[in-house]
Amino acid sequence: MDRAGLAAKVKSVVVKIGTNALSGADGRLDLGVINALAEDLAGLCRTRNLKVTLVSSGAIGAGMTELNLPVRPKDLPMLQAAAAIGQSLLVNHFAQALRPHGLCAGQILVTRQDFEDRLRYLNLRNCITALHQSRAIPIINENDAVAVDEIRFGDNDMIAAQVTNLLRADMLILLSVVDGLLDSQGQVLPLVEDVDEAVTSMVRPDKSSRGSGGMGGKLFAAGTVQTAGEPVVIANGKTPGIVGKLLAGAEMGTLLLPARRKLSARSRWIGLTARPRGTITVDSGAARALANNKSLLAGGIIGSAGDFSRGDPVTIADNQGRRLAIGLCNYSQADVEKIRGHKSHEFGRLLGASTWYDEVVHRDDMVIQTSGH
Ligand code: GLU
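Under my numbering, the first residue of the sequence shown is numbered 32, with each subsequent residue one higher.
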């Protein structure tokens, strides 16, 4: 793949920077890195009119420094407090660094629910779009002060991937303190076509003490962007001007090639963002039909689980429990139980209804799973 050709086509980019890349050896936020990144991004806005969205970690690390905490707190309220203190410092530094370039920092704090709820998801997109039209760089982080347990991503690589899919940005750049994905000799792998087992097995456990993530998390997040049809670059955030260099086509870091087919905006939400509320298990005939781009009919359903309502996302699995697809279900779980195994002309009698959907999950509301995501 011609890197320069790929980079030249980018009009909208999401850049994620990790805690360690933003911190100096003493663990404090490194203002040199923040200023350099602001200059790098501002240059791209000015010269290429690029839409830049930044996902920045570093809140918890910065809060730890302020509170003189030598290790990342284990108890959640303390972690929330560190994030609350650090986030204001972090975004303030970015705002000051961007101001001389005529740009504002637009802070957006998100939780998992903001992506899973379709309306909030679209609101988030509207806000980012408005910031792009307002000489501002959106600076996104998890709302760590309130995002606990099941509403928490806990990992900004995943948030950056979700934001890339939300915006249908043309490229995701993940910046950390390594030069890219390293092979067993410690050399940077310049190109990854598919995040398969051979690639994930190269990952060493390298979770950092102040941030979360690590290369495993990066690859998983990158895989969802690849699936959606966009490229990802993993590179070193300590390299001066790295984003500008990558977008000028420099052969730096690891490039993960996009899947050939781009998913539509709606399919991205269904397949990569929505959290399934239940599972529908199908027989082998229905599994074959799905693989052939057919809708899911009740006749091939052999079971269902989970308390899902009409319109909710569900996983469709085979009788071995393998995930075949995710789709929006036209029926509640209670109704699926009533009609499963039956033909649609029986639905009126079974449901006591005068109208019904022939398809349990329509083809247009379904995304077939081609990889492990
Ligand atoms: N939201 C966390 C922070 O700002 C970072 C999470 C991550 O490292 O991925 O400290």
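Heads up, the beta-carbon is just placed ideally off N, CA and C, and yes, glycines get one too. On a predicted model such as this, the values are computed, not experimentally measured, just so you know.
Check                                                                                                           : Outcome
Inter-residue CB distance, GLY334 and THR312 (contact presumed, cutoff 8 Å)                                     : 4 Å
Integer Cβ distance of VAL46 from LEU162, believed to fall under 8 Å                                            : Contact flag wrong, Cβ pair sits at about 15 Å.
Whether ALA93 touches LEU134 by CB criterion (7 Å)                                                              : no
Cross-strand partners of GLY334 (DSSP beta bridge)                                                              : THR312
Neighbourhood of ASP225 by C-beta, 7 Å cutoff - its chain only, sequence neighbours within 5 removed            : none
Nearest-angstrom beta carbon gap, SER43 and LYS82 [assumed within contact, 8 Å]                                 : 4 Å
Distance between beta carbons of ALA38 and LEU278, contact taken as under 8 Å                                   : 5 Å
Assigned secondary structure, SER43 (DSSP; H/G/I helix, E/B strand, else coil)                                  : strand
For ARG130, the three-state DSSP class (helix, strand or coil)                                                  : helix
Unbroken stretches of the alpha helix (DSSP H), 4 residues or longer, contained in the region 252–317           : 273–278 and 296–299
Environment of VAL177 [buried if 16+ CB atoms lie within 10 Å]                                                  : exposed
Opening and closing residue of the beta strand (DSSP E) in which GLN164 lies                                    : First-last for GLN164: undefined, no H or E at that position.
Terminal residues of the alpha helix (DSSP H) in which ALA90 lies                                               : 90–97
Through-space distance from MET189 to ALA290, alpha-carbon basis                                                : 18 Å
Own chain partners of HIS393 with C-beta closer than 6 Å, once the 5 adjacent residues on each side are dropped : SER326
THR142: CB within 6 Å of a non-hydrogen atom of ligand 1                                                        : no
The alpha helix (DSSP H) enclosing ARG59, as first and last residue numbers                                     : Note, ARG59: premise wrong, no alpha helix (DSSP H); not H, not E.
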